Amino acid sequence: MSAGLIILVVLLIACAGFFVGRSRAIATAGGDIRNLHSRPNYYGLTVALFSAAPALMIAVLWLLLQPLYIEGQVSEMIAPADIPEGGSLSLVMTDVRRIADGLDVAVDAGTLTEDRIEDMRADLSDLRTRLGEVGIAVASEVRQNVFMAAKTYRELAAKLRLAMAVIVIGASLAGAAFSLLRINPDYRARNVSEHAIKALLILSSSVAILTTVGIIFSLLFETLHFFRLYPAKDFFFSSIWNPQFQGGSDLGILPLLWGTLYVSFVALIFAVPIGLLAAVYLSEYASKHVRSFAKPAIEILAGIPTIVYGLFALITVGPLLRDYFAEPLGLGNSSSSVLTAGVVLGIMLIPFVSSLSDDVINAVPQAMRDGSYGLGATKSETIKQVILPAALPGIVGAVLLAASRAIGETMIVVMGAGAAAKLSLNPFEAMTTITVKIVSQLTGDTEFASPETLVAFALGLSLFVVTLGLNVLALYIVRKYREQYE
Amino acid sequence: MTDASMPETSPSSKHTSSLLQQDVRTKKRNASEARFKAYGAIAIGIAILALVALMTSILANGSSAFRQTFISLDVYLDPAKLDKDGTRDPEAIAKVSTFGYAPLIKAAFDKEFEKPEIGLEGMKSSEAAKMISKEGPAELRRYVLENPDMIGETVRFDFLAGGRIDGYFKGRVTMESAERDKNVSPEQLQLADQLKAAGLLKTKFNWGFLTRADASENRPEAAGLGVAILGSFYMMIVVLVLALPIGVAASIYLEEFAPKNWFTDIIEVNISNLAAVPSIVFGILGLAIFINFAHLPQSAPIVGGLVLTLMTLPTIIIATRASLKAVPPSIRDAALGIGASKMQSVFHHVLPLAAPGILTGTIIGLAQALGETAPLLLIGMVAFVRDFPSAPPEGFFDPAAALPVQVYNWTQRSDPAFVERASGAIIVLLVFLLIMNAIAIILRRRFERRW
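Which chain is which? The protein sequence lines are V and D, in order. As numbered in full-length UniProt numbering, the first sequence has no gaps in its residue numbers, which increase by one up to the final residue, 486. As numbered in full-length UniProt numbering, the second sequence has no gaps in its residue numbers, which increase by one up to the final residue, 451.
As structure tokens, then:
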């Protein structure tokens with residue numbers, strides 16, 4: 001019985017419980033629902049909730065804990081001799097899992113029978129080919145212990161699956177029976193089911209907390225793992241980035257940090273003046289006609305996915321900058337460069353900066369404008385000497401938020417900035433950023449055993465800390481500023 | 001009388017001011033005003049120019065992906081080659097591999113060469129057969145396996161032309177570049193011109209671009225978006241099914257029930273911070289938790305959907321809370337006044353009134369999720385997937401691609417024909433986004449109430 005089927009059965013029991021509970025409530029009231037404390041549907045709802053909620057919770061916990069338990073049992077069967085040179089227990093366990101899954105598939109496909117698996121002690125040579133036939137690739141020759149472990153894994157999994165079916169469905173039926181017996185006309189069904197629904201609401205809103213906790217723990221855990229394999233001092237202070245997949249790599253964050261900051265700097269130089277001036281123009285100068293056309297156009301820029309900007313950088317901006325600027329000036333011949341990524345990233349940030357500054361400028365009280373006009377100042381003088389100074393903290397906040405966006409942006413730099421880790425000042429040279437390296441170190445490789453893949457988590461944690469810091473700082477500044485006027 | 005005296009207005013005073021004539025300082029101030037206004041206009045201009053350049057670049061590069069060159073040939077399905085025993089036994093026919101079908105195409109060209117207007121001096125039919133996509137024999141084989149009765153007949157078949165031939169008619173390949181290209185010769189291009197004159201070579205709308213699976217590096221003409229569109233669709237289903245109920249439930253709690261205490265403060269701070277976490281960090285989370293810890297399969301829509309759900313939740317929560325807040329308190333008071341519980345007033349009255357706003361926010365959140373690329377790269381969606389995922393619910397666990405990741409994938413390949421494909425895929429993506437946003441705007445216009 002698969003997990004999906006078990007959950008389906010529980011839901012069916014809950015559904016049936018709803019109708020049984022409803023009719024039982026009407027029956028206990030002697031057919032007159034005015035005798036009931038709550039409306040009949042609430043009685044049905046209590047039965048459904050009692051039969052589904054505890055059973056589903058057990059099922060989820062079970063599904064989370066079962067693999068841990070089985071791994072613990074099975075990994076004892078693997079002798080140190082079974083672990084190949086340079087491998088680790090977790091790699092062998094991956095093989096065990098894969099063989100066990102493969103046996104399941106092979107039995108389903110009919111190429112193996114349960115009896116044959118039972119007999120398959122001495123002759124393991126054709127196991128690999130048989131598994132290959134059903135599409136499961138096993139890397140190395142299957143060892144005796146590994147195969148036995150896989151067999152135990154299957155048996156345990158099957159046993160536990162059965163136990164889970166019995167316990168979960170049993171819990172569901174017990175819940176249904178318990179709540180059915182409680183039904184009588186004085187039973188406060190509405191209050192009970194509303195409490196339960198409120199608990200569900202609270203559970204849903206704590207998903208946000210769980211996500212944050214998940215992010216922090218997965219980053220922190222693997223980063224600590226990384227620092228056990230690679231000295232933290234070298235990671236933070238080495239200026240060489242040179243991963244080697246046979247080991248002995250240099251994994252210094254400095255060149256990546258430099259590339260990230262350089263690209264973001266170029267983007268902000270481009271986006272902040274344009275975004276700010278555009279916001280000022282739209283809120284202070286533009287006629288209704290211009291605004292109705294220009295504002296949506298800028299907002300469209302905000303809705304375009306970053307992959308589109310990435311492609312724009314790759315096929316248009318990059319070659320353009322190379323052919324008309326870099327090569328004539330003799331500064332480089334690469335189409336992916338800091339400037340390419342920076343300019344395109346800047347375009348992406350224009351709507352972000354302009355809508356944030358728009359909010360800030362509109363929050364400046366009209367009285368301050370009127371006062372300035374009354375003293376005879378022109379519009380631009382009012383903007384430059386009254387509105388912008390008053391809005392400055394908010395604008396600084398907007399710039400910080402934009403910087404955090406730029407630092408965390410991935411697709412544009414992956415497709416526009418290049419992959420060479422360099423410490424250079426020339427904006428026409430290809431450089432790389434933290435996000436680019438996270439992608440290249442993690443794509444297609446999930447065996448977290450080598451520092452070369454684990455470094456991505458340390459990079460991710462650095463990125464998370466920097467962007468979070470910028471956001472918190474920006475929100476603090478913006479909030480502080482708002483308190484002045486409201 | 002006080003001896004007040006008028007200030008002396010001597011004609012020699014420095015400040016001669018006239019309403020009709022601006023003095024130097026006013027001129028300067030007005031000039032600076034005009035300059036500042038021009039800066040603003042220029043900034044708007046640059047932003048709009050960037051938008052126009054972006055759209056033109058994508059459209060110019062990508063629109064040709066929707067048209068494809070086909071070569072029509074009369075293929076004789078030779079029983080001697082396809083079914084030696086003449087039993088029409090499907091298994092026997094299936095034994096003939098794709099290579100066995102290549103001679104049929106060659107023979108078809110031999111027949112065309114008999115016509116006077118087609119054929120070049122010294123050109124062999126094997127050379128001509130290379131103009132057909134490498135996918136051609138495979139398609140022919142698929143057709144024969146589906147229609148074994150047609151063996152022995154002559155069938156008119158539209159083959160995809162090779163990527164270079166297709167590029168020739170789209171202006172990507174020229175006679176000069178063909179000289180240096182080992183994949184195509186100028187003679188083949190001349191033959192292609194002849195075929196076009198004879199009406200055998202046509203460029204028509206390319207449905208395959210929307211329905212086919214991805215194809216390997218050396219056959220860009222056969223690459224399509226089918227698997228990617230389906231994968232993205234599956235992920236959107238997962239996001240919708242998870243993010244909408246969870247987001248709405250969370251917003252109802254925070255907006256209607258939550259007391260002001262440390263727990264709700266933590267939730268609020270978390271939601272606003274999650275909205276600003278870089279998307280790639282969500283990819284790392286998905287890799288560590290869903291794939292490495294929970295052992296869900298790689299490149300499966302379910303994992304992509306879960307990651308995108310977590311990313312979309314803050315958007316949906318913020319939108320839902322705004323529209324719950326917009327429902328006036330008098331509605332709640334009226335419901336409570338006639339004996340409804342708090343829960344009933346929310347679910348029976350407030351929520352239905354806020355529904356249009358919630359839906360609008362959800363659609364905008366889905367549109368964001370549809371275009372998201374970076375986290376999907378980390379959870380293995382970049383893998384080369386040729387097979388369509390099966391129907392849900394098993395399909396959620398099958399490997400699939402996603403639209404934006406397919407774009408990234410194609411830009412990493414060397415053949416320039418893939419640039420056209422990638423831009424075409426972007427157009428498809430943008431059309432989807434446009435439709436979703438249009439629905440959101442219509443919903444807002446149609447159902448939004450001002451109290």
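For every residue, glycine included, the Cβ atom is placed at its ideal position computed from N, Cα and C. Here the structure is a predicted model, which means the values were calculated and not measured.
For the beta strand (DSSP E) holding residue i, just list the boundary residues, first then last.
i, result
"S72/D", "R67 to Y76"
Return the bridge partner residues of residue i from the DSSP annotation.
i, result
"F157/D", "L73/D"
"K204/D", "Q68/D"
"W241/V", "L251/V"
"I132/D", "A161/D"
Assuming residue i and residue j make a contact with CB atoms under 8 Å, what is their CB distance in whole Å?
i, j, result
"P220/D", "D89/D", "About 36 Å separates the two Cβ atoms, so there is no contact after all."
"S218/V", "L285/D", "6 Å"
"R405/V", "F352/V", "6 Å"
"I307/V", "Y408/D", "6 Å"
"I361/V", "I387/V", "6 Å"
Given that residue i touches chain D, what residues does it touch there, using C-beta distances under 9 Å?
i, result
"L251/V", "Chain D residues near L251/V: none, gap ~17 Å exceeds 9 Å."
"G303/V", "I364, A367, Q368, G371, L433 and N437"
"V308/V", "L54, I58, G371, P404, V407, I426, L429 and L430"
"I33/V", "Going along chain D, no residue has its Cβ under 9 Å from I33/V, so there is no contact; the nearest lies around 15 Å."
"K437/V", "In chain order: nothing, as chain D lies at least about 11 Å away."
"T453/V", "Near T453/V there are no residues of chain D at all, since even the closest Cβ is about 10 Å away, more than 9 Å."
Which residues of chain V have a Cβ atom closer than 8 Å to the Cβ of residue i, listed in chain order?
i, result
"I48/D", "A294, A297 and I298"
"I271/D", "A208"
"R29/D", "T378 and E381"
"S423/D", "L311 and I315"
"H295/D", "P67 and R97"
"E279/D", "In the sequence under discussion, the amino acid at residue 279/D is Ser, which differs from the Glu named in the question. Ordered by position in chain V, the residues that pass the 8 Å Cβ test against S279/D are G408 and T410."
"P393/D", "G4"
"I246/D", "S204 and V207"
Please list the terminal residues of the continuous alpha helix (DSSP H) segment that includes residue i.
i, result
"P404/D", "L403 to T411"
"M164/V", "Q144 to R182"
"N41/V", "P40 to S75"
"F418/D", "A417 to F447"
"F388/D", "Segment: none, F388/D is in no alpha helix (DSSP H) and carries neither H nor E."
"M55/D", "V24 to G62"
"L191/D", "P186 to A197"
"P393/V", "L388 to G408"
"T306/V", "T306 to F312"
"D358/V", "V338 to A363"
"D370/V", "Q366 to G374"
Could you tell me which chain V residues have their CB closer than 7 Å to the CB of residue i, listed as they occur along the chain?
i, result
"Y143/D", "None at all; the shortest Cβ gap to chain V is about 26 Å."
So which residues on chain D does residue i lean against when the C-beta distance must stay under 8 Å?
i, result
"E222/V", "A288"
"K198/V", "Y253, F257 and M343"
"F464/V", "V277, P278 and V281"
So residue i contacts chain V; which residues on that side make the cut at Cβ distance below 9 Å?
i, result
"P220/D", "The premise fails here: P220/D is roughly 15 Å from chain V at the closest Cβ pair, so nothing lies under 9 Å."
"E33/D", "T378, K379, S380 and E381"
"S341/D", "R190, N191 and E194"
I want to verify the contact list: residues of chain D whose CB lies under 7 Å from the CB of residue i, in sequence order.
i, result
"Y281/V", "G40, A41, A43 and I44"
"N471/V", "N273 and A276"
At the 8 Å Cβ level, is residue i part of the contact set with chain C, yes or no?
i, result
"M415/V", "In the structure shown, chain C does not exist; the protein chains are V and D."
Handout entry: Any 3 or more C-beta pairs closer than 8 Å across the region 239 to 257 of chain D and the region 420 to 435 of chain D
Key = No, the region 239 to 257 of chain D does not touch the region 420 to 435 of chain D.
Practice task
Answer yes if the region 40 to 54 of chain V comes into contact with the region 171 to 180 of chain V, meaning at least three C-beta pairs across the two stretches below 8 Å, and no otherwise.
Solution key: Contact holds: three or more Cβ-Cβ distances are below 8 Å.
Handout entry: Cβ contact check for the region 403 to 418 of chain V and the region 233 to 246 of chain V: 3 or more pairs under 8 Å
Key = Because the criterion of three Cβ pairs below 8 Å is not met, the region 403 to 418 of chain V and the region 233 to 246 of chain V do not touch.
Handout entry: At least three beta-carbon pairs within less than 8 Å, the region 343 to 350 of chain V to the region 260 to 276 of chain V
Key = The region 343 to 350 of chain V is in contact with the region 260 to 276 of chain V.
Practice task
Report yes or no: do three or more beta-carbon pairs, one from the region 463 to 471 of chain V and one from the region 278 to 294 of chain D, lie closer than 8 Å?
Solution key: Of all C-beta pairs linking the region 463 to 471 of chain V to the region 278 to 294 of chain D, three or more are shorter than 8 Å, placing the two stretches in contact.
Exercise for the section: Evaluate contact between the region 368 to 387 of chain D and the region 395 to 411 of chain D, counting only Cβ atoms and requiring at least three cross-stretch pairs below 8 Å. Expected result: Yes, the region 368 to 387 of chain D touches the region 395 to 411 of chain D.
Practice task
Decide if the region 80 to 89 of chain D is in contact with the region 161 to 171 of chain D; the criterion is three or more beta carbon pairs, one per stretch, under 8 Å apart.
Solution key: Verdict: no, contact absent.
Exercise for the section: Evaluate the contact criterion for the region 297 to 314 of chain V versus the region 406 to 413 of chain V: three or more CB pairs, one atom per stretch, below 8 Å. Expected result: By the criterion of at least three beta-carbon pairs nearer than 8 Å, the region 297 to 314 of chain V is in contact with the region 406 to 413 of chain V.
Handout entry: contact_flag[the region 61 to 74 of chain D, the region 191 to 208 of chain D] where n(CB pairs < 8 Å) is 3 or more
Key = Flag = yes, the region 61 to 74 of chain D and the region 191 to 208 of chain D touch.
Handout entry: Any 3 or more C-beta pairs closer than 8 Å across the region 27 to 39 of chain D and the region 375 to 384 of chain V
Key = Segment contact: the region 27 to 39 of chain D against the region 375 to 384 of chain V, three or more CB-CB distances shorter than 8 Å; contact assigned.
Handout entry: Cβ contact (3+ pairs, closer than 8 Å) linking the region 314 to 326 of chain D and the region 253 to 261 of chain D
Key = Per the Cβ contact rule, the region 314 to 326 of chain D is in contact with the region 253 to 261 of chain D (3 or more Cβ pairs under 8 Å).
Practice task
Determine, using beta-carbon pairs with one atom in the region 297 to 305 of chain D and one in the region 350 to 358 of chain D, whether at least three such pairs fall under 8 Å.
Solution key: Taking a cut-off of 8 Å on C-beta distances, the region 297 to 305 of chain D does not touch the region 350 to 358 of chain D, as fewer than three cross pairs fall below it.
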